[in-house]
Structure formats: structure tokens, C-alpha cells
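Residue numbers (my numbering), protein chains in the order written: chain A, 4 to 109; chain B, 4 to 109. Structure first, then comments.
Number of protein chains: 2
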Amino acid sequence: MLISFEEAEIRSKIIKAMAHPVRLMMVEMLKTGEHSFSQIFDLFKLDKSTVSKHLLVLKESGIISSRKTGSDMIYRLDVPCITDFFSCVTAVIESNVKKQQVCLCR
Amino acid sequence: MLISFEEAEIRSKIIKAMAHPVRLMMVEMLKTGEHSFSQIFDLFKLDKSTVSKHLLVLKESGIISSRKTGSDMIYRLDVPCITDFFSCVTAVIESNVKKQQVCLCR
DNA sequence: CTCCTTGTTGGTAATTATGCCAACAAACCA
DNA sequence: TGGTTTGTTGGCATAATTACCAACAAGGAG
Numbered sequence: 004m005l006i007s008f009e010e011a012e013i014r015s016k017i018i019k020a021m022a023h024p025v026r027l028m029m030v031e032m033l034k035t036g037e038h039s040f041s042q043i044f045d046l047f048k049l050d051k052s053t054v055s056k057h058l059l060v061l062k063e064s065g066i067i068s069s070r071k072t073g074s075d076m077i078y079r080l081d082v083p084c085i086t087d088f089f090s091c092v093t094a095v096i097e098s099n100v101k102k103q104q105v106c107l108c109r
Numbered sequence: 004m005l006i007s008f009e010e011a012e013i014r015s016k017i018i019k020a021m022a023h024p025v026r027l028m029m030v031e032m033l034k035t036g037e038h039s040f041s042q043i044f045d046l047f048k049l050d051k052s053t054v055s056k057h058l059l060v061l062k063e064s065g066i067i068s069s070r071k072t073g074s075d076m077i078y079r080l081d082v083p084c085i086t087d088f089f090s091c092v093t094a095v096i097e098s099n100v101k102k103q104q105v106c107l108c109r
């Protein structure tokens, strides 16, 4: 009935890949279609190596993939259902507002 | 169109709360209904303080809540849509299998 | 009241995550 | 061929996470 610890570990690796504001924004952007590294890079005030490593985390978890086109690296979202993922997060946030819970605002 | 960094931070805190195998299993268990601390504790070979702290993380993110009944602490899942959350994670795993991607198995 | 059960909090050590700089590799340009 | 653009990798310092033990607080039970 309950999932095994091994199964939970596999799942948590995927969830962990999403558990960073920068990577969330990257996924949000890729929800609108393919984008090049430089387009993604321009979104943030971060070193290019940092951006590259965040993209690698998403790629290794299987959420996005990349291909080289000319001198550009193009990234795309592999799993469209990531939208459902977010809709539940939004539900949690709304639930927190109803509870007037402030723990996320500290 | 794209979410702000502040919004992404709020979201990532909730996702981060789910990003641990132990906490995932706790949520799986609470999907079946309310459970006491000792019932949850018995699932794991962990110190009670560790279990308590994991539950606190879930509680502070607004995913679960607790109430004291007699000498027991009862925990419950506040956000049923967490199931949708998992269904997307499962889709990622299945997509990875199709790709024969091994990065999650190392 | 005293002991015992139940769970939380404080402290600490080990591991992991994050972000920068520097160096490198690959493709494009001149 | 030499220089430039584009992105990745290695190394390192700092911060965050995790899990343990010990101590503590709050309720029963005797």
C-alpha cells in the first residue's frame, strides 16, 4: 500500500530538482516553449556556470532535455504535466492564506 | 507572464518540504487518513526527534496540521491534491524509463 | 507527588547544495 | 589560423539540510 523507501528516494530526487526558485522559474519559462541557454541566462543575475548547473540538475532528473543547434544550446520541457505539479502548490499557498499561516512569510 | 522570483521562492519552500523520501512517505501515509505520531514513528528506523522535525517541516509549509488528543499528537493531510503532485512525478519517472535514462539509478 | 510515556527543542557533526571564479571545449568569424 | 562567442566543468567557500544525542515540557498513571 505505502511506497517503499527506495521508491520514495527516486521520487524525492525529481521533486528536489524542482525545489529551487531559479529552477522553478526555468521550468515556468520552458512551459512556454523551447528556449536557448542565453535566453534563460538573461532571466537571472547569476553566473553562467551557475545557470548551466541548474539546467543540468533539471536535465539529470528527466524534467528537461537539451540539443545543440549551431552554437546555441536549446532546452525544452519534457514533461508537460509539470503544470499539475504547480496547481497543487498553488492550492497549498491558498490554503495557507485561509489559515492565515505566516510561516512562509518570515 | 512568468512568475517573479519572490513567488518562485514561496513555491519552492512548499516543494522543498516534499523533497525528502521520509517526508514523502509520511504524506503517503497521511493520504490514507489521520495518524498519530507513534504510528508515523513506527514506519521508520529514525530517532523520534528526527521524525518530529520532519513533521514540523511539513507542518510549517502548510501541507499537514496536527492536534493533540489525550497524550497523542494526531497529524492530518491538509491538501488532498497532493495526489496530483505525485502523478506528475510518476509521469517523469515513466518518461525516464522510456528514455532509458540511468541518472536516477546511480 | 513521583514516575513514566509522549513528543519537542537545543546542540552538534556530517553531508549536500549553492554560487562564484578560473579554466576549458566547441563552434563561429575574420 | 587566430580570436571571439557560447556553454560546460573543476575547485573552492559558504550556507542549508539531515540525523543523532541529550535535555526538556506536558500529560497520564500509580
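Backbone N, C-alpha and C define an ideal beta-carbon position, used for all residues, glycine too.
Query raised in the report: List, in order along the chain, the chain B residues whose C-beta lies closer than 8 Å to that of residue 87 of chain A?
Result: 87, 88, 90 and 91
Query raised in the report: Counting contacts by CB-CB distance shorter than 7 Å, is residue 65 of chain B in contact with chain A?
Result: yes
Query raised in the report: Alpha carbon to alpha carbon, how far is residue 64 of chain A from residue 30 of chain B?
Result: 21 Å
Query raised in the report: Is the Cβ of residue 77 of chain B closer than 7 Å to any Cβ of chain A?
Result: no
Requested in this report: Under the assumption that residue 90 of chain B contacts residue 78 of chain B (Cβ atoms under 8 Å), give the Cβ distance between them as a whole number of angstroms.
Outcome: Residue 90 of chain B to residue 78 of chain B, Cβ: 23 Å. No contact.
**Report entry** Short-range partners of chain A found in the stretch 30–60 of chain B, where Cβ spacing is below 7 Å
**Finding:** 31 and 32
Query raised in the report: How many Å lie between residue 43 of chain A and residue 13 of chain A at the Cα?
Result: 27 Å
Query - Residues sharing a beta bridge with residue 76 of chain A, DSSP - result: A:71
Query raised in the report: Does the stretch 15–34 of chain B come close enough to the stretch 19–33 of chain A to have 3 or more Cβ pairs within less than 8 Å?
Result: yes
Query raised in the report: Is the distance from the Cβ of residue 98 of chain B to the Cβ of residue 60 of chain A below 7 Å?
Result: no
**Report entry** Residue from A:51, A:10 and A:101 with nearest C-alpha to residue 22 of chain B
**Finding:** A:10
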